[in-house]
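For reference, the structure is listed below as structure tokens.
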Amino acid sequence: MNLEALLSARLAPAFAQVAQETVDPAVRRSRQADFQSGAALPLAGPLGRSPRDIAASVLAVADLAGIATAEVSGPGFLNLRLTDEVLAAGANELTADPRLGVPRTPHPERVVIDYSSPNIAKELTVGHLRSTVIGDAAARLLAWLGHDVVRANHLGDWGTAFGMLIEHLGPADAASITDLTAFYQAARARFDDDEEFRSRSRLRVVALQSGDEQTLRQWRHFVAASQRHLLATYDRLGVTLGPGDFLGESFYNDKLAAVVAELIDKGLLRESEGALCAFPPGFTGRGGDPLPLIVRKSDGGFGYAATDLAALRYRTGELGATRLLYVVGAPQRTHFAMVYAVAAAAGWLPDGVRAEHVAFGSILGTDGRMFRTRSGGSVKLAAVLDEAVARAAALAPSAEVARAVGIGAVKYADLAGDRTSDYVFDWDRMLALTGNTGPYLQYAYARTQAILEKSATAPGPVRITAPAERALALELLGFAGVLTGLDESLEPHRLAGYLHGLGQAFSVFFQYCPVLRAPAGVRESRLGLCDLTGRTLRQGLELLGIDTPQPL
Ligand code: ARG
1105 MNLEALLSAR LAPAFAQVAQ ETVDPAVRRS RQADFQSGAA LPLAGPLGRS PRDIAASVLA
1165 VADLAGIATA EVSGPGFLNL RLTDEVLAAG ANELTADPRL GVPRTPHPER VVIDYSSPNI
1225 AKELTVGHLR STVIGDAAAR LLAWLGHDVV RANHLGDWGT AFGMLIEHLG PADAASITDL
1285 TAFYQAARAR FDDDEEFRSR SRLRVVALQS GDEQTLRQWR HFVAASQRHL LATYDRLGVT
1345 LGPGDFLGES FYNDKLAAVV AELIDKGLLR ESEGALCAFP PGFTGRGGDP LPLIVRKSDG
1405 GFGYAATDLA ALRYRTGELG ATRLLYVVGA PQRTHFAMVY AVAAAAGWLP DGVRAEHVAF
1465 GSILGTDGRM FRTRSGGSVK LAAVLDEAVA RAAALAPSAE VARAVGIGAV KYADLAGDRT
1525 SDYVFDWDRM LALTGNTGPY LQYAYARTQA ILEKSATAPG PVRITAPAER ALALELLGFA
1585 GVLTGLDESL EPHRLAGYLH GLGQAFSVFF QYCPVLRAPA GVRESRLGLC DLTGRTLRQG
1645 LELLGIDTPQ PL
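Be aware that the sequence shown starts at 1105, since it is given in the working numbering, and climbs by one per residue.
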């Protein structure tokens, strides 16, 4: 039962009668009452009456019997308070619904989500956390709402760096590399210092690009070793990216020439300083000059932008996606805007097909600067996860629970704030058992389950006998409203904020409403509320990619 819709349906005819036209009652959740309608306010001008007067007229004719009581408040708001019967009936509908009231989207789409997408020559750092965690939450959410999700891990697995890496590896097996970052740095140092190594590396790039079998074999080993490292990390993080989702830059290698030819054909490229560039209208550099998107470099090689154009064309053309999401940091905003503009001009983003940059801010240290190691290096993701689990061990009865709490805390902290903002990586805050944190919600969930386990009787139908039950039921009934539309806005923090509010409502309920000691009937009803709260917390956290360990 959608409470907003129910109240709107009852108020709309009354507004229409008073205003002599169709009016959206604009029913919203409110602090002053359960719900509020502010629709009388903008009618004052046209009707030449005071908003309070209009609201009173609406109330006089509205049929709210059995549903809600209402009063005019403030400058002309309608404050609406649902009856306990409606709340109980709504809660019981949720109990019977495996989807907890959340409808599937009426417009399912094939959505390609480009996320995680690390450059594989280096070990994962904390810099890869956000794309991986936000992208995975988006994938879970969209799939649950009924979209057809294609996960695309656009690995940086191709390019000139592989010349030096393969050369540095020599005949050794890439599987023997234990520290990718150290390996990369050693290769880089040799490349910078050793002229002979440098020219061998360059020849190696040419060999790779021209498909030399032995070079390709070494490159493949390199990629395979990196993929194993990635899959192990995804598994540890509880991220749904699997081996079938690797769709790296190399995949588009044999498509680049055709893409460029098509762009030339469509008159979208011109030469600039030896490179082939697109100049999509409206993009200018600092001095006001048109900004180039370099599609073919002056040395003839194809770069990042060419690959993104080929990938976009593949995703809409071959995969038939109508929505493309790129979960990438905010600094690449201009890059994506230009890629979309060129793709649209080329006809690869026809009407009804959307490409969106799901941008996010940076992770800062407690000093307010970019989060780095003491020596200024990038923080390895594995080290962050190790520390998270070690710190969580203090809160957890077992290693398995420590893992869920530690990893959950890190992921939740990444998802709980507006993704476009920066956030401070603060161990104490993210692991706190109070506040808008992962551990707080995991703990709330565990409490719901502990009560259910201890009880000799099963949950029964919900009925409202106390204010805290009422407030909890109202929160539970808000789940659908929070999730509906989240597939458009892709704001996981709204779901996180909702779950936090639900956890708080449960905590008040827990404090004021004894469950196991309650008289028969009330006890089963309260168990029903515990069960529903547990299911909602678990489902919500699962959509964010956070485990609900038991016991805690
Ligand atoms: N590998 C890139 C980087 O590390 C991110 C790729 C994002 N996806 C894309 N289609 N460009 O910055």
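Don't be surprised by glycine CBs; every beta carbon is placed ideally from N, CA and C.
Stretch pair the stretch 1635-1651 + the stretch 1233-1243: three plus CB contacts closer than 8 Å = Taking 8 Å as the limit for Cβ pairs, the verdict is that the stretch 1233-1243 does touch the stretch 1635-1651.
task = Go ahead and pull the three-state DSSP assignment for E1595.
result = Correct three-state label for E1595: coil.
ask   = DSSP three-state call for V1206: helix, strand or coil?
value = Secondary structure of V1206 (DSSP, three-state): coil.
query = Residues in its own chain within less than 7 Å of D1247 by CB, not counting five upstream and five downstream?
reply = The identity of residue 1247 in the sequence shown is Ala, whereas the question assumes Asp. Only V1253 meet the Cβ criterion.
inquiry  = Looking at the secondary structure, which residues open and close the beta strand (DSSP E) in which S1177 lies?
reply    = It spans 1172-1177 - the beta strand (DSSP E) in which S1177 sits, taken as one unbroken run.
message = Measuring alpha carbon to alpha carbon, tell me which residue in P1543, A1506, A1500 is nearest A1517.
response = Nearest option by C-alpha distance: P1543.
query = Do T1228 and H1333 have their CB atoms nearer than 9 Å?
reply = A small correction: the amino acid at residue 1228 is Leu; Thr does not occupy that position in the sequence shown. Annotated as proximal: L1228 and H1333, with beta-carbon spacing under 9 Å.
query = When burial is assigned at 16 or more other CB atoms within 10 Å of the CB, is Q1289 buried or exposed?
reply = Q1289 comes out exposed.
key: Cβ neighbour criterion (16 or more within 10 Å) applied to H1211   = H1211 should be labelled exposed.
Beta-carbon contacts of G1267 that lie in its chain and below 7 Å, excluding the five residues immediately before and after = Result list for G1267: S1305, R1306, R1308, V1309, L1312, in chain order.
ask   = Under three-state DSSP, which class holds K1370?
value = In the displayed model, K1370 falls within coil according to three-state DSSP, outside both helix and strand.
message = Restricting to Cα atoms, I'd like to know which of R1621, F1610, A1622 is closest to D1635.
response = The candidate whose alpha carbon is nearest that of D1635 is F1610.
message = Can you give me the C-alpha to C-alpha distance between A1492 and T1285, rounded to a whole angstrom?
response = Cα-Cα distance, rounded: 21 Å.
message = Using C-beta distances below 7 Å, list every residue in its chain close to E1579, excluding the 5 sequence neighbours before and after it, in chain order.
response = Result list for E1579: G1605, L1606, A1609, in chain order.
key: Residue burial classification, V1165 (beta-carbon count within 10 angstroms, cutoff 16)   = So V1165 counts as exposed.
Contact belief for V1399 with V1443 at Cβ below 8 Å, rounded distance in angstroms = Cβ-Cβ separation between V1399 and V1443: approximately 10 Å, too far for a contact (criterion under 8 Å).
inquiry  = For the beta strand (DSSP E) containing R1427, name the first residue and the last one.
reply    = Run containing R1427: 1427-1433, per the beta strand (DSSP E) assignment.
key: Host alpha helix (DSSP H) of C1634 (start-end)   = 1626-1648 is the extent of the alpha helix (DSSP H) around C1634.
inquiry  = Going by C-alpha to C-alpha distance, which of L1416, G1231, T1388, G1625 sits closest to F1529?
reply    = When each option's Cα is compared against that of F1529, the closest is G1231.
query = Using the rule of at least 16 other Cβ atoms within 10 Å of the residue's Cβ for burial, across every protein chain shown, is Y1616 buried or exposed?
reply = With fewer than 16 Cβ atoms within 10 Å of its Cβ, Y1616 is classed as exposed.
query = Does the distance from the C-beta atom of A1160 to that of M1105 stay below 9 Å?
reply = Contact: no.
task = Apply the 10 Å Cβ neighbour rule to Q1136 and answer buried if 16 or more other Cβ atoms are within range, or exposed otherwise.
result = Counting C-beta atoms within 10 angstroms of its own C-beta, Q1136 has fewer than 16 neighbours from the protein chains shown and is therefore classed as exposed.
ask   = Can you list, in chain order, the residues of its chain whose CB lies under 6 Å from that of R1507, leaving out five sequence neighbours each side?
value = Taken in chain order, the residues that qualify are V1493.
Paired residues, beta bridge with N1257 - DSSP = Looking at the DSSP output, N1257 sits in a beta bridge with F1350.
query = ligand 1 heavy atoms versus the CB of G1465: any closer than 8 Å?
reply = Not under cutoff, so the answer is no.
query = Rounded C-beta distance between A1256 and I1217? I'm assuming under 8 Å.
reply = Right, their Cβ atoms sit about 7 Å apart.
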